[in-house]
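Novice: Chains A and B, in that order, give the protein sequences.
Numbering-wise, the first sequence is residues 690 to 906 according to my numbering.
Numbering-wise, the second sequence is residues 690 to 906 according to my numbering.
2 protein chains.
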Amino acid sequence: MKESKKDRIIDAAVRLFHTQGFDGTSVRDIASKANVNVALVSYHFGGKKGLYEELMTQFLEGHLQIMKNELEKTITTNKELVLSLIKSLLEYQSKNHFVARMVHREMTMDSVLVRELMSTYLRKEKHDLEEIIRTGMKRGEFRKQPLDFVVIHLRTMINMPFQSPHYLSELYQITTTEPYFIERYMKHIRHWVDLWLCKNQSEYTTTTTYLLPRSIS
Amino acid sequence: MKESKKDRIIDAAVRLFHTQGFDGTSVRDIASKANVNVALVSYHFGGKKGLYEELMTQFLEGHLQIMKNELEKTITTNKELVLSLIKSLLEYQSKNHFVARMVHREMTMDSVLVRELMSTYLRKEKHDLEEIIRTGMKRGEFRKQPLDFVVIHLRTMINMPFQSPHYLSELYQITTTEPYFIERYMKHIRHWVDLWLCKNQSEYTTTTTYLLPRSIS
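#1: Is A:VAL788 close to chain B, meaning its C-beta is less than 8 angstroms from at least one C-beta of that chain?
#2: Taking a contact to mean a Cβ-Cβ separation below 8 angstroms, would you say B:HIS855 touches B:MET791 in this structure?
#3: What is the DSSP secondary structure of A:PHE831, reduced to helix, strand or coil?
#4: In chain order, what residues of the same chain have a beta carbon less than 7 angstroms from the beta carbon of A:GLU780, not counting five sequence neighbours either side?
#5: Could you check which residue in B:SER693, B:VAL727 and B:HIS752 has the C-alpha nearest to that of B:HIS793?
#6: Cβ of B:LEU802 within 8 angstroms of Cβ of B:GLU742?
#7: Of the residues that make up the stretch 730-757 of chain A, which ones have a beta carbon closer than 9 angstroms to any beta carbon in chain B?
#8: Please report how far the alpha carbon of B:LYS833 lies from the alpha carbon of B:LEU770, in whole angstroms.
#9: Beta-carbon within less than 6 angstroms of B:SER777's beta-carbon, same chain only, minus the 5 sequence neighbours each way: which residues are those?
#10: Counting only Cβ-Cβ distances shorter than 8 angstroms, please list the residues of the stretch 701-718 of chain A near chain C, keeping chain order.
#11: A:GLU805 to B:ALA701, Cα distance in whole Å?
#12: Would you call B:ASN848 buried or exposed, if buried means 16 or more other Cβ atoms sit within 10 Å of its Cβ?
#13: Just to make sure I have the definition right: I need the residues of chain A whose C-beta is within less than 8 angstroms of the C-beta of B:MET807. Which are they?
#14: Within 10 Å of its beta-carbon, does B:GLN862 have 16 or more other beta-carbons around it, so buried, or fewer, so exposed?
#15: Quick one: measure Cβ to Cβ for B:VAL788 and B:LEU744, integer angstroms, because I've assumed they're closer than 8 angstroms.
#16: Interface residues of chain B around A:ARG804 at Cβ under 7 angstroms?
#17: CA-CA distance, B:THR797 and A:GLU795?
#18: Out of A:PHE748, A:TRP885 and A:SER773, which has the shortest C-alpha to C-alpha gap to A:TYR810?
#19: Spatial neighbours of A:PHE734 within its chain, please: C-beta separation below 6 angstroms, excluding the five flanking residues on both sides.
#20: On a Cα-Cα basis, can you pick out the residue from A:GLY713, A:LEU860 and A:MET875 that is closest to B:LYS815?
#21: A:THR866 and A:HIS786 look like a contact to me (Cβ under 8 angstroms); what is the Cβ gap, rounded to whole Å?
#22: Tell me which residues share the same chain as A:ILE905 and place their Cβ nearer than 6 angstroms to its Cβ, disregarding the 5 neighbours each side in the sequence.
#23: Does chain B have any CB closer than 8 angstroms to the CB of A:SER891?
#24: My assumption, with CB atoms under 8 angstroms, is that B:VAL882 sits in contact with B:LYS762. Please give the rounded CB distance.
#25: Shorter than 8 angstroms from the beta carbon of B:LEU811 to some beta carbon of chain A?
#26: Give every residue of the same chain whose Cβ lies closer than 7 angstroms to the Cβ of B:PHE711, excluding the five residues on either side of it in the sequence, and list them in chain order.
#27: Short check: CB of A:ARG873 to CB of A:LEU772, under 8 angstroms?
#28: Step through the CB atoms of chain B and report whether any lies within less than 8 angstroms of the CB of A:LEU884.
#29: In terms of residue numbering, what span does the alpha helix (DSSP H) encompassing A:TYR861 cover?
#30: Apart from the five residues on each side of it in sequence, which residues of its chain come closer than 6 angstroms, Cβ to Cβ, to A:SER693?
#31: Which residues of chain A have a Cβ atom closer than 9 angstroms to the Cβ of B:ARG794, listed in chain order?
#32: By the DSSP assignment, the alpha helix (DSSP H) with B:LYS762 in it spans what residues?
#33: Alpha carbons only, please: which of A:GLN782, A:ASP837 and A:LEU818 is nearest the one belonging to A:PRO868?
#34: Are the C-beta atoms of A:LYS833 and some chain B residue less than 8 angstroms apart?
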């Protein structure tokens, strides 16, 4: 019962923060929408700010878990690994698009919270992405390029649709939460990864079974 | 004299909105920092909201002007045109990085103002970018790819450094406002444009002088 009320509070908060913003939402609004006693918000989250931070932390923990699951899969090439990872991260953001947008917007701020989230979660994300790219380069699958900008470029393209959904819907009538979006976007991503990240396909045989390096799995 | 006071108000507002946010900044703060009478803010901008909108409008008008200037240059290939355009837009954002970040953050909101700015300024930006890419494809310089995602990808990479400066400084110690940043970033961009956007270099001669199409200039 308690778990369910906690989840209802989280669900209500996500929707209210999204439509009314953090400042425009009161603990009372959240409790009312969740149909729980207002004291329960303080009890579970220590107030509105704690709830907001909890939403972001949960989202980023889920994000890292997705990456971990992907890295543990048996995949034959690092190209396949990158594409599968991108797709899973897009699906995760699409499923949680309200929170995703909230997190992306918050991350543009310069605050103690943001610095903490970056050093806890995004540092780990960076590390994992670097490992995948570095290993792909070592194996001769990926072109040799400065690792930093490759990783930055990758994560920028993973986050873009959920960071700027209004730009896409307003000017392109693209709705990033519709099921066919990820399919369409992945076509673009696949083409880009092929041409820019990978060496000429003929330079490595896709039938070779690569084992994941110890440092990734 | 009046022009100079107006400029001082704008300058003060940019700095205060950046450090304290829109909600955390009062008209009195702005007037005090600009060393002008508080009534002058209302007189010139009709209040804080008007001033905020004026900052964004000015920035986006400057952005379109940069694009216009670039498109009027005599440039031999569409690849050169794209690279020169990207560089100028990066320099413009670097010079106005406080406002750039404010605009990028505001653009993630779903508001009447954002929708107006998009249909006024970003629709024109989209149109110009599409023309450059479409012409490059027609001339056989660029690979045939769906135009929409090419344009979206391009503008994402132009805006990224000024949309997420903290991510870059916190995790990569990259300061996007330092002079060498654009040089480094352009190396990455050039490589990417070469591999992903352009057809094999041998397929077109870079010495041919192309005239800009009527629809662009």
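Ideal Cβ placement from N, Cα and C applies to all residues, glycine included.
Specialist: On the basis of the coordinates in this document:
#1: The residue given as residue 788 of chain A occupies position 99 in the first sequence. Not one chain B Cβ lies under 8 angstroms of A:VAL788.
#2: Position 166 of the second sequence, counted from the first residue, corresponds to residue 855 of chain B. Position 102 of the second sequence, counted from the first residue, corresponds to residue 791 of chain B. No, the pair does not count as a contact, with Cβ atoms beyond the cut-off.
#3: Position 142 of the first sequence, counting from 1, holds the residue named residue 831 of chain A. If DSSP states are grouped into helix, strand and coil, A:PHE831 belongs with the strands.
#4: On the first sequence, position 91 is the one that residue 780 of chain A refers to. Once the five neighbours on either side are set aside, the close Cβ partners of A:GLU780 are ILE871.
#5: Along the second sequence, one-based indexing puts residue 793 of chain B at 104. Among B:SER693, B:VAL727 and B:HIS752, the Cα nearest to that of B:HIS793 belongs to B:HIS752.
#6: Stepping through the second sequence from its first residue, residue 802 of chain B is reached at position 113. Stepping through the second sequence from its first residue, residue 742 of chain B is reached at position 53. Their beta carbons are under 8 angstroms apart, which means B:LEU802 touches B:GLU742 by this criterion.
#7: none
#8: Residue numbering aside, residue 833 of chain B sits at position 144 when the second sequence is read from its first letter. Residue numbering aside, residue 770 of chain B sits at position 81 when the second sequence is read from its first letter. Cα to Cα, the separation comes out at about 18 angstroms.
#9: Residue mapping note: residue 777 of chain B aligns to position 88 of the second sequence, counting from 1. Excluding positions up to five away in sequence, the list reads ILE755 and GLU759.
#10: Going by chain labels, chain C is absent from the structure shown, which instead holds the protein chains A and B.
#11: As a position in the first sequence, residue 805 of chain A is number 116, starting the count at 1. As a position in the second sequence, residue 701 of chain B is number 12, starting the count at 1. A:GLU805 and B:ALA701: Cα-Cα distance of roughly 30 angstroms.
#12: Residue numbering aside, residue 848 of chain B sits at position 159 when the second sequence is read from its first letter. Label assigned to B:ASN848: buried.
#13: As a working mapping, residue 807 of chain B is identified with position 118 in the second sequence. Residues of chain A passing the Cβ test: HIS855, TYR856, GLU859 and LEU860.
#14: Taking the second sequence and counting its residues from 1, the one referred to as residue 862 of chain B is at position 173. It counts as exposed.
#15: As a working note, residue 788 of chain B is residue 99 in the second sequence. As a working note, residue 744 of chain B is residue 55 in the second sequence. Sure, about 6 angstroms apart at Cβ, within 8 angstroms.
#16: Start at 1 with the first residue of the first sequence, and residue 804 of chain A comes out as number 115. Those are GLU859, listed as they occur along chain B.
#17: The sequence position of residue 797 of chain B within the second sequence is 108, counting from 1. The sequence position of residue 795 of chain A within the first sequence is 106, counting from 1. Whole-angstrom Cα-Cα distance: 11 angstroms.
#18: Within the first sequence, the letter at position 121 stands for residue 810 of chain A. For A:TYR810, the nearest C-alpha among the options comes from A:PHE748.
#19: Locating residue 734 of chain A in the first sequence gives position 45, where the first residue counts as 1. LEU740 and GLU743, listed in sequence order.
#20: Counting from 1 along the second sequence, the entry for residue 815 of chain B is found at position 126. Ranking A:GLY713, A:LEU860 and A:MET875 by Cα distance to B:LYS815 puts A:LEU860 first.
#21: Stepping through the first sequence from its first residue, residue 866 of chain A is reached at position 177. Stepping through the first sequence from its first residue, residue 786 of chain A is reached at position 97. The Cβ separation is near 5 angstroms, so the contact holds.
#22: For the purposes of this step, residue 905 of chain A is taken as residue 216 along the first sequence, with counting starting at 1. A caution first: A:ILE905 carries a pLDDT of 45, below 50, which makes its placement in the model unreliable, though a value can still be read off. LEU760 and GLU820.
#23: Position 202 of the first sequence, counting from 1, holds the residue named residue 891 of chain A. Since pLDDT at A:SER891 reaches only 41, below the 50 mark, its modelled position is unreliable, and the value read off the structure follows with that caveat. So, not an interface residue.
#24: As a position in the second sequence, residue 882 of chain B is number 193, starting the count at 1. As a position in the second sequence, residue 762 of chain B is number 73, starting the count at 1. That pair is no contact at about 17 angstroms.
#25: As a position in the second sequence, residue 811 of chain B is number 122, starting the count at 1. Judged by the 8 angstroms Cβ criterion, B:LEU811 is in contact with chain A.
#26: For the purposes of this step, residue 711 of chain B is identified with residue 22 of the second sequence, where counting begins at 1. Closer than 7 angstroms at the Cβ level, and outside the excluded window around B:PHE711, lie TYR741.
#27: The residue you call residue 873 of chain A lines up with position 184 of the first sequence. The residue you call residue 772 of chain A lines up with position 83 of the first sequence. Cβ distance not < 8 angstroms, so A:ARG873 and A:LEU772 don't count as in contact.
#28: For the purposes of this step, residue 884 of chain A is identified with residue 195 of the first sequence, where counting begins at 1. Closer than 8 angstroms to some Cβ of chain B, the Cβ of A:LEU884 qualifies, so yes.
#29: Position 172 of the first sequence, counted from the first residue, corresponds to residue 861 of chain A. Where A:TYR861 is concerned, the enclosing alpha helix (DSSP H) stretches over 854-861.
#30: Working through the first sequence from its first residue, we reach residue 693 of chain A at position 4. Within the same chain, A:SER693 has no close Cβ partners at all.
#31: The residue labelled residue 794 of chain B in the question sits at position 105 within the second sequence. Here the neighbours are ARG794, THR797 and MET798.
#32: What you label residue 762 of chain B is simply residue 73 of the second sequence in a count that begins at 1. B:LYS762 -> no alpha helix (DSSP H), and no H or E assigned at all.
#33: Position 179 of the first sequence, counting from 1, holds the residue named residue 868 of chain A. The candidate whose alpha carbon is nearest that of A:PRO868 is A:GLN782.
#34: The residue labelled residue 833 of chain A in the question sits at position 144 within the first sequence. It does not; no Cβ of chain B falls within 8 angstroms.
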